[in-house]
């Protein structure tokens, strides 16, 4: 089980893609505050932030709100056990995305698009955000 927990999809930055590093200020259960160098470096709401515990487990956060002083309040999508204050984390300034293709049919995936049915990762050319703008009702 410990090996499975480490298999979190970590995006690899492509050439020219913006990557900003921050530091973890506080973790209270699933709520984590992350400090970035300046307010200009803050990721947008719903953006993904990647971190790692001191045991090597990868953790994914989603930005919930911006606080004064270049701080993001985030919600962890994984357990925060063994997460340390002042640990490095980074964002690619992209929202959490999942694969969209015919290969998804009959598969079981978590909210990050990672397969949890013990089959190989889903191959796809198209990825879409897990959060969409609200549709107006008529």
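Numbering (our numbering), first residue to last: 298 to 435. Using N, Cα and C, we set each Cβ at its ideal position, and we do this for glycine too.
Here residue 353 is actually not in contact with residue 332; their C-beta atoms are around 23 Å apart, not less than 8 Å.
Residue 373 sits close to residue 329, with the two beta carbons spaced by under 8 Å. Looking only at 391, 394, 376, 416, the smallest Cα-Cα distance to residue 403 is reached by 416. DSSP, reduced to helix, strand and coil, places residue 373 within a strand of the structure shown. Counting only unbroken stretches of 3 or more residues, the beta strand (DSSP E) elements lying wholly within the segment 314-356 are 317-325, 328-332, 344-349, in sequence order.
Taking 8 Å as the cut-off, the beta carbon of residue 363 is found closer than this to the beta carbon of residue 339.
Within a 10 Å sphere around the beta-carbon of residue 358 sit 16 or more other beta-carbons, which makes this residue buried. Within a 10 Å sphere around the beta-carbon of residue 366 sit fewer than 16 other beta-carbons, which makes this residue exposed. With fewer than 16 other beta carbons inside 10 angstroms of its own, residue 326 counts as exposed. Around residue 336, the same chain offers 367 as residues with beta carbons nearer than 6 Å, after the five sequence neighbours per side are excluded.
Assigned with DSSP and collapsed to three states, residue 362 falls in strand.
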